[in-house]
Amino acid sequence: MEPRLASDLIVSAAAAAYAGSSAAFFVHISTRGGSSRATGLARTLLWLGAVLQFAFVVHYGVVFRVCPMKTINLAISLAVVVMCVAYLLVPKTFKADALGLFVVPVALVFLIASRFIGLPDVPLNLRNKLLPVHISTNVLGDAFFVLASGAAAMYLFQEHQLKAKRGASVFGRIPPLDTLDTAAHRFLLIGFVFMTVGAVTGSVWVSKLTMGTTVEMLRIMLGYVTWAVFSCVLLLRSTLGWRGKRAAYGTLAGFVLSMLVVALYLGRAGMEPR
Amino acid sequence: MIVVVGLSHKSAPIEVRERLAVPADGLPGFLDELQSLPEVGEVMVLSTCNRVEIYATAKHGSDRDGTLAADAIEQKLIDRAGELRSEEVRTHLFRYTDDPAVRHVFRVAASLDSLVVGEPQILGQFKDAFEKASQARSVGMLLGRAVESALHVAKRVRTETQIGAGRVSISSAAIDLARQIFGDLSGRVTALLGAGEMAEDAAKVLCEDGAKLRVVNRSIERAQNVASMFKGEARPWTDLQRTLIEADVVIASTSSPHFVLTRELVASITRARRGRSLFIIDIAVPRDVDPQVNDLEGVYLYDIDDLEKIAADTMRGRLTEAQSAERIVDEEADAFSTWLEALKVTPTVVALRKHVQGVLFAELERSLGGKLKHLGPAERKALEAMVSAAVNKLTHAPSTRLKAAAAEGAASDYMDALRHLFDLPDNDEPAAADRPSRRDSQPRMSKPDGNGSSEAAAGEHASSDPSAGGNGSDSHADPEAEEPQTSGAVAREGASRESSGVPKEAS
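Chains as they are written, first to last, in the working numbering: chain A, 1 to 274; chain B, 1001 to 1507.
Structure representation (structure tokens):
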């Protein structure tokens, strides 16, 4: 079988698994009191999707002799796998099933993006030994930010329902409010550690980018702003007790910025011929 | 024939129900009384605060519609009512027989007949009643099977519908909300402001979940009394602000005519709480908490109306789910009915086989004593095997078709025809199996198979044995494998089956 066809088949199967998982999570959320059957199916399909996506990265890397950690889209693919596995390994006591409704569609989007956007080569003048560390820590950080922002979004939704005296509408479907707040904080903390390493290693290249394009400069600036936003969220939580709604908004703001950075990376890749 | 006689919250007021209620220590005696009724076979008593129901089987096959058994049980219940006039009691009693009786038992076990639809306690009470009846050896195969099926229905309803989701009382709705905000309530601090009965109920459930209680009251003595009930801590009213800073859940139920928790008061403590969520339950009328408190970040206020609305919504949801549950009851009742029909044909199948076997073996014995006298033991054995195979072959088709007709509820005419054409004995006389014996009355506890075939199939298999009689090849190929039966052996087999497996009341 032609290698590209094989990799397309793997991607298609992974996409189908993610789509099925999303649908099952949706059934769970829309069922009164939640549906344990639907979540069971959703988790199984998510495992399948993650394994297939990992297989895609390995296959692509081996067949086309590409190091995943030196290409943004394959690295993002790997980060998505990490994100899915991290989510699946969250202890059941957290009752974080509903978070899947946020995690899985993100995984699906990135899977498709990694298939249709070309593999950009890092310019020769920017290559050095820290490059794989820079890329992998940043994408791992993004993976945890997806989880954190999913929990934050769910927190805000549930908070709104409780304030509107519709608290019973979420019984059994969404994790408790405090659980979501704690989960968002922990995911953010882990992601922030990765992102900080990524920022430090990335700083090595800043001097070389003085002659870079405006988009590249914008991307770097946005990266720093994102790091600053996340650090503010964490700092204000520990010093002033900014948790709950404020922390959730801060997490979502940081997430939007981090996704803009990723979009700029992928956009650059998309503009290059495959 | 299964019979249900009793009364429930739907048919009788508490004044009547409490007269007929059977206390736990009086249950064995009452079961004995019911068993001693000549019209009643198996019996079980379900007595709860909302119902007193007798589940029984008619003892005689001639009591085809169960009227005699139902009359006898009804009279027994009326006798229990004591001073109440019998006609008055009778108006509150209901009775079901046959299929409606089975459906009623299934609905009760599945909590579809409960005062609060979907409440889980009835299933425990139902199991308990069954256990008591089993201990009293008053349930046998038929009622045992009905109860097992009812438990299966209840399990399906619980797992396949959301009938038990949410809480339908105000205090339990409040607890659910607290869990939705905090998750695990263990170690959470609950502050009780004032001490009404409903507040105590809610505090009790919270404390059972591991929450720590602080009771704040203008009367410290009253606070101490309530706190001691739940191993909590009593505090004077002056400690209100400190208590609010510590609390995760606040239950307000003072008799104050104005707000005791104003927006300003709660806002003043939010900084000290460092963003922790605060759930306030205001069950006082007039209200204790300013509604504007709900606008504060991280504070969730629910008053009595909000909680009642949640309880009502949950109840509506349960009633919707009850429709799905009713479909499950219908499915399982149909399956039970099919099993019961199959059970009814078993005596006829056994009688037919016995008849054919008796005729053929009688002829064989006559021949072996006459024209075939010269045959040796080996030849005689081969002939007996051949006749056995012929019996199997001859009875296989009628047995199979009778079973198929039973599954469609159309076996009655076939059974009558068979009995008439072959001059089979009527099976309406009571048999040993009508009443569960001390030895064999323990009901089978395996999971019902859903198509209602096991016992009936076993009975038919023994009588017609399709595997042996379908083609007869096994018995021809290996005469040693199947012991040739004389008519005497067949008679013994039939007698033993009647006494141990097939109750006459099934017909």
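The beta carbon of each residue, even a glycine, is placed where N, CA and C say it ideally should be.
Just so we're clear, the structure is a prediction, and the values are computed from it rather than from any experiment.
* Residues that A:G40 contacts on chain B, provided the C-beta gap is smaller than 8 Å -> Simply none; closest approach about 13 Å.
**OP:** Could you tell me the distance, in whole angstroms, from the CA atom of B:A1234 to the CA atom of B:G1187?
**Re:** 17 Å
Exercise for the section: On the DSSP bridge assignment, give the partners of B:F1361 in chain order. Expected result: BP columns for B:F1361 are empty, so no partner.
Using a Cβ cut-off of 7 Å, which residues of the region 1264 to 1278 of chain B contact any Cβ in chain A, in chain order? R1274, G1275, S1277
- Is the region 1298 to 1312 of chain B in contact with the region 1260 to 1278 of chain B, if contact means three or more CB pairs nearer than 8 Å? yes
Handout entry: DSSP bridge partner residues for B:F1279 (one or two, in chain order)
Key = Looking at the DSSP assignment, B:F1279 forms a beta bridge with B:V1249, B:Y1300.
Sorted by chain position, which residues of the same chain lie with C-beta nearer than 6 Å to A:A13's C-beta, five sequence neighbours on each side aside?
-> Excluding residues up to 5 positions away in sequence, L52 lie with their Cβ nearer than 6 Å to the Cβ of A:A13 in the same chain.
What are the start and end residues of the beta strand (DSSP E) that includes A:L89?
Premise fails: A:L89 is in no beta strand (DSSP E) and is neither H nor E.
Subject >> Where B:A1008 sits in the DSSP three-state scheme >> reply: The residue asked about is misnamed: residue 1008 of chain B is Ser in this sequence, not Ala. Strand.
**Message:** Taking only three categories from DSSP, how would you classify B:E1039?
**Reply:** The answer is coil: DSSP assigns B:E1039 none of H, G, I, E or B.
Quick test of your reading: B:A1109 and B:A1056, contact by CB under 8 Å. State the CB separation rounded to the nearest angstrom. No, B:A1109 and B:A1056 are not in contact; Cβ-Cβ is about 16 Å, not under 8 Å.
So who's on the other strand from B:E1233, going by DSSP bridges? DSSP output for B:E1233 lists B:R1214 as bridge partner(s).
Inset, instruction - Would you check if the distance between the CB atom of A:L189 and the CB atom of A:L234 is smaller than 9 Å? - result: For A:L189 and A:L234, yes; Cβs fall inside 9 Å.
Close Cβ partners of A:A152 (< 6 Å) along its chain, the five nearest in sequence each way excluded: So the qualifying residues of the chain are A184, A248, T251, L252.
Please go through the same chain and pick out, in chain order, the residues whose beta-carbon is closer than 6 Å to the beta-carbon of B:I1281, but skip the five residues on each side of it. A1174, I1251, Y1302
Simplified DSSP state of B:V1003, which is helix, strand or coil: Three-state result, B:V1003: strand.
Would you list the one or two residues that DSSP bridges to B:S1367? Answer is none; B:S1367 lacks a bridge partner.
**Asked** Can you tell me whether DSSP reads A:V62 as helix, strand or coil?
**Response** helix
Within 9 Å of chain A by C-beta, residues of the region 1173 to 1184 of chain B in sequence order:
A1173, D1176, L1177, R1179, Q1180, I1181, F1182, G1183, D1184
- [ ] Note down, in chain order, every chain B residue with its Cβ under 7 Å from the Cβ of A:D178.
- [x] Result: I1181, F1182, G1183, S1277.
Worksheet item: Going by the beta-carbon positions, is the gap between B:A1069 and B:L1031 smaller than 9 Å?
Response: no
Exercise. For B:S1086, name the three-state secondary structure that DSSP assigns.
Key: helix
* Asked: From B:A1491 to B:E1384, what does the alpha carbon distance come to, in whole angstroms?
  -> Here the model assigns B:A1491 a pLDDT of 35, short of 50, so the residue's position is not dependable, and the following value carries that caveat. Between B:A1491 and B:E1384, the C-alpha separation is close to 16 Å.
Just verifying my parser: in three-state terms, what is the DSSP assignment at B:A1458?
With a pLDDT of only 36 at B:A1458, under the threshold of 50, the placement of this residue in the model should not be trusted; the figure read from the coordinates follows. Residue state, collapsed to three classes: helix.
Exercise. Which one or two residues does DSSP pair with B:R1051 in a beta bridge?
Worked result: B:S1008
* What residues from chain A crowd round B:D1512, counting only those whose CB sits closer than 7 Å? -> Look at the range of chain B in this structure, 1001 to 1507, and you will see that residue 1512 of chain B is not part of it.
Please report the distance separating the alpha-carbon of B:L1343 from that of B:T1067. When only Cα atoms are considered, B:L1343 and B:T1067 end up about 21 Å apart.
Q) Does the beta-carbon of B:I1014 have 16 or more other beta-carbons within 10 angstroms, so that it is buried, or is it exposed? A) Sixteen is the threshold: since fewer than 16 other Cβ atoms of the shown chains lie within 10 Å of the Cβ of B:I1014, the residue is exposed.
Assuming B:I1122 contacts B:S1114 (C-beta within less than 8 Å), just tell me the rounded distance between them. Right, their Cβ atoms sit about 5 Å apart.
Task: Counted within 10 angstroms of its Cβ, other Cβ atoms place A:T71 as buried (16 or more) or exposed - done: buried
Going along chain A, which residues have a C-beta under 9 Å from B:G1513? Limits of chain B in this structure are 1001 at one end and 1507 at the other, which puts residue 1513 of chain B out of reach.
CB contact below 9 Å: A:L222 versus chain B
Closer than 9 Å: no.
Check: What is the DSSP secondary structure of B:F1094, counted as helix, strand or coil?
Finding: strand
| query | When burial is assigned at 16 or more other CB atoms within 10 Å of the CB, is B:Q1241 buried or exposed? | reply | exposed
**Request:** Give me the Cα-Cα distance between B:E1018 and B:T1048, rounded to the nearest whole angstrom.
**Result:** 9 Å
Between B:N1225, B:R1222, B:R1274, which has its C-alpha nearest B:L952's C-alpha?
The structure shown does not extend to residue 952 of chain B, since chain B is modelled only from 1001 to 1507, so the question has no answer here.
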